[in-house]
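K.L.:
Take the sequence shown: its letters are residues 32 to 265, numbered as in our numbering.
For every residue, glycine included, the Cβ atom is placed at its ideal position computed from N, Cα and C.
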Amino acid sequence: MGNTKYNVLFMRDDDTVKRYRLSPFWLSVFFWFIILLAVCAGVGAWSGYNFWNQNTELRQDKLALQKNLNDASIQLERLENVNKILDSYDPNDVQSLLASVPVEEKKVEAPTGTDLKKLLFYKNLMRAGVENVKIRYSGGSLALSFDLNNLQTSSSLSGLAGVELIANNGHSSVVKVNRNDMAFHIQRFKVVRTRFALPSGMALKDMYGLRLMISTNNNELIFSEVYPLSRIFN
32 MGNTKYNVLF
42 MRDDDTVKRY
52 RLSPFWLSVF
62 FWFIILLAVC
72 AGVGAWSGYN
82 FWNQNTELRQ
92 DKLALQKNLN
102 DASIQLERLE
112 NVNKILDSYD
122 PNDVQSLLAS
132 VPVEEKKVEA
142 PTGTDLKKLL
152 FYKNLMRAGV
162 ENVKIRYSGG
172 SLALSFDLNN
182 LQTSSSLSGL
192 AGVELIANNG
202 HSSVVKVNRN
212 DMAFHIQRFK
222 VVRTRFALPS
232 GMALKDMYGL
242 RLMISTNNNE
252 LIFSEVYPLS
262 RIFN
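(1) Identify every run of the alpha helix (DSSP H) within the stretch 146-194, keeping only runs that are complete inside it and at least 4 residues long; order them along the chain.
(2) According to DSSP, simplified to helix, strand and coil, what is L252?
(3) Going by CA-CA distance only, name the one from R242, N81, D102, P230 that's closest to K149.
(4) Please check the pair D178 and V222, which I expect to be a contact at CB under 8 Å, by giving their CB distance rounded to whole angstroms.
(5) Which of the three DSSP states, helix, strand or coil, is assigned to V208?
(6) For the stretch 196-205 against the stretch 246-256, are there 3 or more C-beta pairs whose distance is under 8 Å?
(7) Please state the DSSP three-state secondary structure of G240.
(8) Kindly indicate which three-state DSSP category T225 falls into: helix, strand or coil?
(9) Would you report the Cα separation of I217 and L188, rounded to the nearest angstrom?
(10) Write down every uninterrupted run of the alpha helix (DSSP H) in the stretch 78-110 whose length is 4 residues or greater and which is fully enclosed by it, in chain order.
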């Protein structure tokens, strides 16, 4: 039995018959190699499936964390804007106003305040992205630049950008800019640059910030945000 051999025949229609003599040991090795190969393939498929599920969960967690971070950043920026506007009011002026009212006067009409909700209005329909907003003062005028991104990957984006200056006292002024500089038709990305003069009666020290507005050709406002001068002044 120790000299037992097995004959393995390979027959083809267009060739001669080939015979190989193999011992039981090598047949067992070949058999267990096939089984080991199948086990390795199964373990690899199972590991790949688990890793794919873990990667999907991590990507979802990353998107959720990024959304929470963006929301927190927006809320923080709004609170900073409110704080800076409130700091711009002089408490001494309020005290002087109250002191000037006679004692016997029982009803005092409060002065009209600034509508902070309207002043710090924020809108983002996630169709246009604005980044790297910078403003520079030179030659008696302001030079503005920012990156405009098309967040609609399936189609181009056309429209017009607008600029509004916010004073420390809460008043806003629409700026007249070159329409050719602010008009856009983009597939992915565009750097917008323009230059404009300060409105009459407003100095740079009186300026709190700048509002950027992005509208489509149908006059639909898709983006609006106030940028404090301290953050974008270059």
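P.N.:
The answer reads as follows:
(1) Runs of the alpha helix (DSSP H) inside the stretch 146-194: 147-150.
(2) Looking at L252 - three-state DSSP - the assignment turns out to be strand.
(3) The residue with the shortest Cα to Cα distance from K149 is R242.
(4) The Cβ separation is near 6 Å, so the contact holds.
(5) It is coil, neither helix nor strand.
(6) Touching, no.
(7) Three-state result, G240: strand.
(8) In the structure shown, T225 falls within a strand segment according to DSSP collapsed to helix, strand and coil.
(9) In this model, I217 and L188 are separated by some 5 Å (Cα to Cα).
(10) Within the stretch 78-110, no complete alpha helix (DSSP H) run reaches 4 residues.
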